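At position 10 of the first sequence (counting the first as 1) the number is 340 in the working numbering, and the numbers step up by one without a gap. Backbone N, C-alpha and C define an ideal beta-carbon position, used for all residues, glycine too. Bear in mind the structure is a predicted one, so any value in this text is a computation, not a measurement.
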Amino acid sequence: MTKELPAQYPPADVEARRYAQWVHDRLFEADASSEKPPYAIVIPPPNVTGVLHMGHALDHTIQDTLIRRRRMQGYEALWLPGMDHAGIATQNVVERKLAAEGLSRHDLGREKFLEKVWEWKAESGGAILGQMKRLGDSVDWSRERFTMDAGLSRAVQTIFKRLFDDGLIYRANRIINWCPRCLTALSDIEVEHSDKDGELVYIRYSDEIVVATTRAETMLGDTAVAVNPEDERYRHLVGTEVELPLTGRKIPIVADEHVDPSFGTGCVKVTPAHDPNDFEIGQRHGLPSITIMDERAIITAHGPFLGLDRYEARPAVVAALREQGRIVKEVRPYNHSVGHCSRCGTTVEPRLSLQWFVKTGPLAQAAGDAVRDGRVKIEPAELSKRYFAWVDNMHDWCISRQLWWGHRIPVYYGPDGDVVCVGPDEQPPAGYTQDTDVLDTWFSSALWPFSTLGWPDRTADLEKFYPTSVLVTGYDILFFWVARMMMFGLYAMDGTPPFGTIALHGMVRDQFGKKMSKSFGNVVDPLDWVERYGADATRFTLARGANPGADVAVSDEWAAGSRNFCNKLWNATRFALMNGAHVEGDLPAELSTVDAWILSRLHATVAAVDTAFDTYEFAKACDALYHFAWDDVCDWYLELAKPVLFAEGPEAEATKRVLGEVLDTLLRLLHPVIPFVTEELWTALTGVDTVVTAPWPAHEPKLANPAAEASVATLQYVVTEVRRFRSDQGLKPSQRVAARVNVTEHEPLIRNLAKLDVPGEDFEASATLSLTGGLSAEIDTRGTIDVAAERARLVKDQAAAEKEAAQCRAKLGNAEFLGKAPDHVVDKIKSRLAAAEAELARIAAALEKLS
RNA sequence: GGGCGCGUAGCUCAGUGGGAGAGCAUCCGCCUUACAAGCGGAGGGUCGGGGGUUCGAAACCCUCCGCGCCCA
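Next comes the structure, spelled out in structure tokens:
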């Protein structure tokens, strides 16, 4: 089959059309009833408010590559898409919309507000799903899931009830991370720490007691001063009381080992209601907790500071203390680590409140063991350390959020403090009222690998595809999301972990290795690349940089390079189709050396690519494919095939078939990474409908042909040396020159590639190119030989050979080397020396001739 | 402060005991009937510094310097 192709690959004309066809033909839909072995990936659910960024593009490229290859290998491949409901983020979006109309969610009430959220989701949520299509993601859209769907909500309620009944969920008054803007509790992982310039103020509580603090306003809630029990300076004060300034309250001085005597003055103010460490000190010493701020971080303590925001209160408190002469020292700026809400950036305020927690101890233990005993593999294995560091030191997980958007906690309160946890098919007793909080979004995300397959029902999907094969995600969320899925998967699925392998990649960075950030202005939009360079080029750029667990640096120039590669493939196939390449019938029984060589290289490439993909070495797979395609196929094989094809003999017929074979296999190997251009080219080449379901190339060792590889290597060597000579001599590329060559093989091909004519009657060799292995080319440059250039070239070669010879001689002159190095190493050095010496002799003779 | 990791060509990165590599960038020459998004050729590195182990170190060990990430 032949087809007219334009001279440049036009991604925009291909991508949308091909993607629509794939979806229409249901090529990405998995069949739970098939006999094929399963291969499943659940997508790390993007946020319903989110848009596609480079991190997604990398993550999805990797998953799509894995899935597409397995699909071609004959697995029942399922890549399941969907989104999470992003409690805080989504509620913020909708509240902002309401605010524009002058409304708050309280004006609407809970029910109405949730209707508004669903409306927003229907209208503008999930933009990212459409963007995934532009990348070419081969996800099964018929199985798209959302964490707030009925089925997934049922899964949430089911596991909550089970955990509750098992005593693994409890409610307690604890210090939690509180966002005074979002007005909700946050878990540890939703808090980002960064260094900030603040102040360290030393406050005199008495003649002997001076405390240092970065949050002076919290002193209003102090209920003790703590010192280290070993600290000689204060030992005599333990058990006495001191008057808390500004309040007149008497507070005790307690001894607690937690206090670091070397920090500040060695005295610590203790504010149990507003600091996690102080809370623990308070617990140990039975101290009261005095809450001095409301949920918006506004001072509620009676007195002159009542009603001030925490940042107004801080200088006001310091000023009042200064007036009393109680400020001993002020360090400003004082650089220290401060926690911020990961959603809105507001400084987190530790707050004592009643919240729900998951008791992580036994769950985290199981999650760690599954990796320790090898049931789950982490790729690259080195990152297991980070995983263990997290799961082995996990704190109990605060799962309640003071939001409306999310899974409402299925706990009801009755009279006399009765508490009932209700399962999915149960009704609460009449008159009981439901807890007003919702669950952390990660709580439902942690169920994703099985809730999306139908759990708690034993569905066909669950039977077929659980446990999933591999989870692909960035190392940056290994320790929270992945660990949580492991905990819940093991718990819900009777000890079967949710995936066999965790394949980790890094973050996408700019061309200088800098993190992409808006403030830096170095953010690249993947869709911008899709438009400018094509989806394939975008994917190839990312895959080509994806070393396991390592960050990927990208730039426009590299994306352009990938686009060039796609175009190279396009033109190679275009050329092949114009010259009769095809895939009909068996490979020819008789192969020319050149045809045997390219098939040998092809199958070495198949083996290399298989190994690389099997070990998540995407960069290596891409590198092998890039070099095979560009160097071996385009630069050499097509050029060598040209004279054969143009001559139209029986050898041409064989080469047409081999060329078809090479491109057929190459395009199938590349399809998982660059699906669009390969689909377009492969279908044109083969006449088959789609490469999506074409078989993955088999590695055929019998095609390995070392003799042909050696023969072509010699040809390449001679051609390259002649080209080098020509370039040094300033001969134009198009200028043919007469030459007498003594080579045993491939003379016509060498003459063709090196632009050497057969000597005529007036031939007069003006330069002799002597080559390794007794090969030579005598060239007639019509007397215009540039002796200086030729001498410079030879001298350079001579220096290289001398260096090589000297290195070898030094080794061989070393008795210890001869005695201790293995024989094969010694032999290799000997043959290298022999080759270098022959080279030196050849060059010396050539130099002699020049003078 | 604790933990993990990195330092190889101008940039980004492979290479983990036996000849320093790739892509991009740079320089020179070319519109060579698949491709100028291209072709041919070339230059460029005391493998962060120092010490050690070894016949042999970019690689293994120690130390110093610089950088990054996570946790507190």
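Between the alpha carbons of G439 and D518 lies a gap of roughly 30 Å. Between V1052 and L1011 a beta carbon distance of about 33 Å is seen, past the 8 Å cut, so the two are scored as non-contacting.
L1083 counts as buried, since at least 16 other C-beta atoms from the protein chains shown sit within 10 angstroms of its C-beta. Between T1008 and A387, the CB-CB gap reaches or exceeds 8 Å. The closest CA to that of V447, considering only N422, R614, N558, L465, is found on N422. The C-alpha of S775 is placed about 24 Å away from the C-alpha of G704.
If you look at H666, you'll find it in the beta strand (DSSP E) that goes 657–671. In this structure D470 is in contact with W409, their Cβ atoms being roughly 6 Å apart against a cut-off of 8 Å. Nearest in C-alpha terms to S434, of all of E887, A865, W734, E1094, is W734. For L550, the closest of F1006, T514, L516, A646 by C-alpha to C-alpha distance is A646. Among the bridge pairs identified by DSSP, Q1128 is matched with none.
Rounded to whole angstroms, the separation of the alpha carbons of I739 and D791 is 28 Å. A residue is called buried when at least 16 other Cβ atoms come within 10 angstroms of its Cβ; S799 meets this threshold and is buried. A407 is a Cβ neighbour of I397, given a cutoff of 8 Å.
For N901, the enclosing alpha helix (DSSP H) stretches over residues 886–908.
Put simply, the stretch 346–358 does not touch the stretch 779–786. Fewer than three CB pairs are less than 8 Å apart. Within the stretch 1046–1123, complete beta strand (DSSP E) segments of at least 3 residues are found at 1067–1072, 1097–1100, 1106–1110, given in chain order. In this structure, F773 and V486 form a Cβ contact; the two beta carbons are roughly 7 Å apart against a cut-off of 8 Å. Separation of the CB atoms of V598 and V541 is rounded to 6 Å, and the pair is thereby assigned contact status at 8 Å. Looking at the backbone, the Cα of A949 and that of Y762 are separated by about 59 Å.
Boundaries of the beta strand (DSSP E) harbouring G528: 521–534, taken from the DSSP string.
Annotated three-state conformation of R814 is helix, per DSSP. The bridge partners DSSP lists for G804 are H835.
Taking C-alpha positions only, P918 is separated from I928 by approximately 14 Å. Annotation: the continuous alpha helix (DSSP H) that includes R464 extends over 457–465. Distances from the alpha-carbon of E1167 to those of L459, H436, L997, E1134 put E1134 closest. Rounded to whole angstroms, L482 and G784 show a C-alpha spacing of 8 Å.
For M823, the secondary structure class from DSSP, reduced to helix, strand or coil, is coil. The three-state reading of DSSP puts N503 in strand, counting E and B together. Taking a cut-off of 8 Å on C-beta distances, the stretch 518–537 does not touch the stretch 682–696, as fewer than three cross pairs fall below it. DSSP, read as helix, strand or coil, puts T868 in helix.
In this structure G830 is not in contact with Y805, their Cβ atoms being roughly 18 Å apart against a cut-off of 8 Å. Annotated as proximal: T903 and L993, with beta-carbon spacing under 8 Å. Following the DSSP letters along the chain, one finds C964 in no alpha helix (DSSP H), marked with neither H nor E.
Taking the Cβ atoms as the reference, R501 lies roughly 6 Å from L684, within the contact range of under 8 Å. Looking only at V974, D858, G879, the smallest Cα-Cα distance to A833 is reached by G879.
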